[in-house]
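Enquirer: Residue numbers (this note's numbering), protein chains in the order written: chain A, -3 to 233; chain B, -3 to 233.
In this text, a Cβ means the ideal position worked out from N, Cα and C, and glycines have one as well.
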DNA sequence: GAAATTCAGATTGCATACAATTTGATCGCC
DNA sequence: GGCGATCAAATTGTATGCAATCTGAATTTC
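#1: Considering only the beta carbon of each residue, do residue 163 of chain B and residue 90 of chain B sit closer than 9 Å?
#2: Is it right to say residue 93 of chain B is buried, meaning 16 or more other beta carbons lie within 10 angstroms of its own, or is it exposed?
#3: Could you tell me which chain B residues have their CB closer than 8 Å to the CB of residue 58 of chain A, listed as they occur along the chain?
#4: Give me, in chain order, the residues of the same chain whose beta-carbon lies closer than 8 Å to that of residue 190 of chain A; leave out the 5 immediate sequence neighbours on both sides.
#5: For residue 65 of chain B, I'd like the list of residues in its chain whose CB is within less than 6 Å of its CB, leaving aside the five on either flank, ordered along the chain.
#6: So which residues on chain B does residue 237 of chain A lean against when the C-beta distance must stay under 8 Å?
#7: Can you tell me where the alpha helix (DSSP H) with residue 205 of chain B in it begins and where it stops?
#8: Output, in chain order, the set of chain B residues within a Cβ distance shorter than 8 Å of residue 86 of chain A.
#9: Check the C-beta distance from residue 185 of chain B over to residue 141 of chain B and give it rounded, since I have them as a contact under 8 Å.
#10: To which residues of the same chain is residue 104 of chain A closer than 8 Å at the C-beta, ignoring the five residues directly before and after it?
#11: State the start and end residues of the unbroken beta strand (DSSP E) segment that holds residue 67 of chain B.
#12: Could you list the residues in the stretch 35 to 55 of chain B with a C-beta less than 9 Å from some C-beta on chain A, going in chain order?
#13: Please state whether the Cβ-Cβ distance between residue 61 of chain A and residue 74 of chain A is less than 9 Å.
#14: Roughly how many angstroms separate the alpha carbons of residue 175 of chain A and residue 187 of chain B, rounded to a whole number?
#15: Please report whether the beta-carbon of residue 90 of chain B lies at a distance below 9 Å from any beta-carbon of chain A.
#16: How should residue 215 of chain B be labelled, buried or exposed, when 16 other C-beta atoms within 10 angstroms of its C-beta is the threshold for buried?
#17: Residue 62 of chain A touches chain B at which residues, Cβ-Cβ below 7 Å?
#18: Establish whether the CB of residue 210 of chain B and some CB of chain A are separated by less than 9 Å.
#19: Under a CB-based cut-off of 9 Å, is residue 22 of chain B close to chain A?
#20: Determine the chain B residues that contact residue 94 of chain A at a beta-carbon separation under 8 Å, and present them in chain order.
#21: Indicate whether at least one CB of chain B lies closer than 9 Å to the CB of residue 194 of chain A.
#22: How big is the Cα-Cα spacing for residue 134 of chain A and residue 128 of chain A?
#23: Could you tell me the alpha carbon to alpha carbon distance between residue 211 of chain A and residue 59 of chain A, rounded to whole angstroms?
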């Protein structure tokens, strides 16, 4: 399993290193909501930031587009994705399909070393929730997503793990757009509940706990009222 | 739902047209096994074939790499993926997670128009199985995969549909490598069983039928003995 | 003769140049 | 003043050039 709090290196298939690096940087920026949905990503600007040519940036943007985090419009450029309510529903439906099964497998495979990492991660999440300030808030959002990715990692299926990574990231965009309570999405106690089920190696209970958790996250959304920038909605959606 | 027998246009997010076209052509070639696992895809050669520059080809290859159909090795080039036994197991595990849920949703949502398309497709599959010759065989393989994609399409979730597309394509590679009986993977009668369940709108039965079907496909595999080209294995894997 | 070495050809990785397209701003017109 | 046309700047799409790397074969060495 991978480190609990730190950056989550994307499982990379042997792609070239530099665009992978840019992809991860943008990925993190999107997941942590430093980049708002709809933000334009100009190739030359990103390139300057990382000191690479547009070629490399384009490769990164195309990867992100492929996993639905970025939308590329021909001759117009790349934008941070702006999921529609319908896409949002599909994202959560997909999570409901995949994540409980992941939890079941994780419950069967979890080791004591994994458990320690989960506990440490949970403590960190708790700490970040108490702390104030935008940075802490961002870190909390990231940590919350990473919890789900740790779960996927323990389940031991790289393909499902990749699917989950995509779904988690897109969920973050959905929550940014349609989340109501400022509460950073994941009630910490539910993460603890899931870990309890894992420690008991109770795969059915783990699956149920995840289902409840996803239900709660989605209950906090309001697909009708669009949250942040109503004007941009009219333009982009 | 999409046409039954014809090429399955990849749901494209608004990517550029030309690399998308190349991607689809290579995708079909791989799924229909005109391109064997391990085959090298030289950028300039592919470019000449489609009359485009390497830039466009590279974009296509990177997309295919992202969905696991092609492996890009740094400074060495792109190769048609050569799934290891372990990857193969993960591919089928992922299918077992996703496809029964797809079948359930399809059973709930199927329309009479869909049913007609399925029936036509089934008939076509039957016809192709009887016919002889490599082209008919290829068409049969393709049609068999398309059946599963039609199912995904009826389920009405574009994300799961994309995941399935990837899994079906990679399954085709796995079967090419580890398949034992020449039988082109999908027993036609099982496809008919699945359709029966769909027509009865019996989602549980549909899910079970799919599970059985996947079991049978995987039972025909032998991950120990590598099928086609033992020498290439030693080199590439 | 077998193994190691060298080197040329082929191929990829990346940067850049140029054409096509979009954007948004100025200007003219009603 | 509002509306539409015209044009320049910005940005993307694509091709291409060059350096770095790999490949495979001829050559040398033992």
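Expert: Put simply:
#1: yes
#2: buried
#3: 11, 55, 58, 59
#4: 99, 147, 202, 205, 206, 209
#5: 26, 77, 165
#6: No statement about residue 237 of chain A is possible, as the shown extent of chain A runs from -3 to 233 and does not include it.
#7: 199 to 215 is the extent of the alpha helix (DSSP H) around residue 205 of chain B.
#8: 153, 154, 155, 156
#9: Incorrect: roughly 17 Å between the Cβ atoms, too far for contact.
#10: 197, 199
#11: Its beta strand (DSSP E) spans residues 66 to 69.
#12: 51, 54, 55
#13: yes
#14: 42 Å
#15: yes
#16: exposed
#17: 59, 62
#18: no
#19: no
#20: 93, 94
#21: no
#22: About 10 Å.
#23: Approximately 29 Å between the Cα atoms of the pair.
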